[in-house]
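Chains as they are written, first to last, in my numbering: chain A, 1183 to 1327; chain B, 7 to 135. Structure, as structure tokens:
Now the structure itself:
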């Protein structure tokens, strides 16, 4: 049920930023960890086993999973006292930050086409979230961040 | 100029997103059938665990989400995170279509506008692979 959100203050903003940062850090860490293993060449038991063994043995993958678990815990904690109108925009903007950091830290090649797509997604998510009050279709919990 | 579409990545991302949406829907359907949790007592926790392990929708939802995460790890062996993460927003399109045609919910024009913007954005991101 909607409930009045407390007024924005430094603590709440810090908590929302922490939530977003955990999600971005988790995604970047998983990409960093997974790009070190050769991609699967077929959908076979042998290939799934090879990736599974890497995932089970990689500390970096475990750190990535832990960051995403904390991100999800932070989301649940935030939603217990804030409504989507505050958490939502932070998610929308996280697409831009994640892309920027993937380019700066991981050296991914972000073409103008990809930037344009990310900008449209950010705008679209902002429009969707501006309709979030009242009974609307659900929003996914894992959309960004 | 549009580059040549990378069908392996596009198919992988589509499968990844659909598994996530299916998992979320099944879990919420399964968990809503459980009488609400009344407190942290041993009997309540047992009832909760019993519900989880005996409700097919919950088991199905958890399975879909486990496959969804495995698919993410597999995708990230070759696909950029700056491609995969923004593409997750495709779930807004899938959820809105399901809400409209399956649950029969009213979807406002404003929401449709947002959904089409997101979908166009995901299309560009996927073509940038």
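Where a beta carbon is used, it is the ideal one built from N, C-alpha and C, also for glycine.
Item to check | CB contact flag (residue 74 (chain B), residue 18 (chain B), <7 Å) | outcome: no
Next on the checklist: Check this for me: beta carbons of residue 1303 (chain A) and residue 127 (chain B), under 7 Å apart or not?
Outcome noted: Cβ distance < 7 Å, so residue 1303 (chain A) and residue 127 (chain B) count as in contact.
Next on the checklist: Strictly below 7 Å CB to CB, what residues from chain A border residue 110 (chain B)?
Outcome noted: By Cβ distance, chain A contributes nothing, its closest Cβ being about 11 Å from residue 110 (chain B), past 7 Å.
Checklist entry - List, in order along the chain, the chain A residues whose C-beta lies closer than 9 Å to that of residue 116 (chain B)? => result 1309, 1310, 1312 and 1313
Next on the checklist: Distance check for residue 1227 (chain A) and residue 1286 (chain A), CA to CA, integer angstroms please.
Outcome noted: Rounded to the nearest angstrom, the two C-alpha atoms are 36 Å apart.
Next on the checklist: Please classify residue 44 (chain B) as buried or exposed, where buried requires at least 16 other C-beta atoms within 10 Å of its C-beta.
Outcome noted: exposed
Item to check | Chain-order list of residues whose beta-carbon lies under 8 Å from that of residue 90 (chain B) (same chain, five-residue window excluded) | outcome: 19, 22, 78, 81 and 82
Next on the checklist: Classify residue 92 (chain B): buried if its beta carbon has 16 or more other beta carbons within 10 angstroms, exposed otherwise.
Outcome noted: Buried: at least 16 other Cβ atoms inside 10 Å.
Checklist entry - Can you name the residues of chain A whose CB is closer than 7 Å to the CB of residue 92 (chain B)? => result 1277, 1281, 1299, 1300 and 1303
Checklist entry - Ordered along the chain, which non-local residues of its own chain (more than five positions away) have a Cβ less than 7 Å from that of residue 1207 (chain A)? => result Within its own chain, the residues whose Cβ lies closer than 7 Å to the Cβ of residue 1207 (chain A), once the five positions on either side in sequence are excluded, are 1249, listed in chain order.
Next on the checklist: Rounded to whole angstroms, what is the Cα-Cα separation between residue 1267 (chain A) and residue 1308 (chain A)?
Outcome noted: 10 Å
Item to check | Cut-off 7 Å between Cβ atoms - residues of its own chain near residue 36 (chain B), not counting five sequence neighbours on either side | outcome: 61, 63, 64 and 67
Next on the checklist: Assuming residue 1242 (chain A) and residue 1211 (chain A) are in contact, meaning their beta carbons sit under 8 Å apart, how far apart are those beta carbons, in whole angstroms?
Outcome noted: 6 Å
Item to check | Inter-residue spacing [alpha-carbon to alpha-carbon] between residue 1259 (chain A) and residue 10 (chain B) | outcome: 43 Å
Next on the checklist: Mapping the DSSP letters down to three states, classify residue 1232 (chain A) as helix, strand or coil.
Outcome noted: helix
Item to check | Limits of the unbroken alpha helix (DSSP H) element including residue 92 (chain B) | outcome: Annotation: the continuous alpha helix (DSSP H) that includes residue 92 (chain B) extends over 87-93.
Next on the checklist: Quick check on this structure: which residue in A:1197, A:1231, A:1196 and A:1213 has the alpha carbon closest to the alpha carbon of residue 1283 (chain A)?
Outcome noted: A:1213
Checklist entry - Under three-state DSSP, which class holds residue 1317 (chain A)? => result For residue 1317 (chain A), the predicted structure reports a pLDDT of 39, less than 50, and the residue's modelled location is therefore unreliable. A value from the coordinates is still provided. Three-state result, residue 1317 (chain A): coil.
Next on the checklist: Once DSSP output is grouped into helix, strand and coil, what is the label at residue 101 (chain B)?
Outcome noted: helix
Next on the checklist: So with CB distances below 7 Å, who are the chain B contacts of residue 1284 (chain A)?
Outcome noted: 86, 87 and 88
Item to check | Beta-carbon gap between residue 1281 (chain A) and residue 88 (chain B) smaller than 7 Å | outcome: yes
Next on the checklist: Please classify residue 120 (chain B) as buried or exposed, where buried requires at least 16 neighbouring CB atoms within 10 angstroms.
Outcome noted: buried
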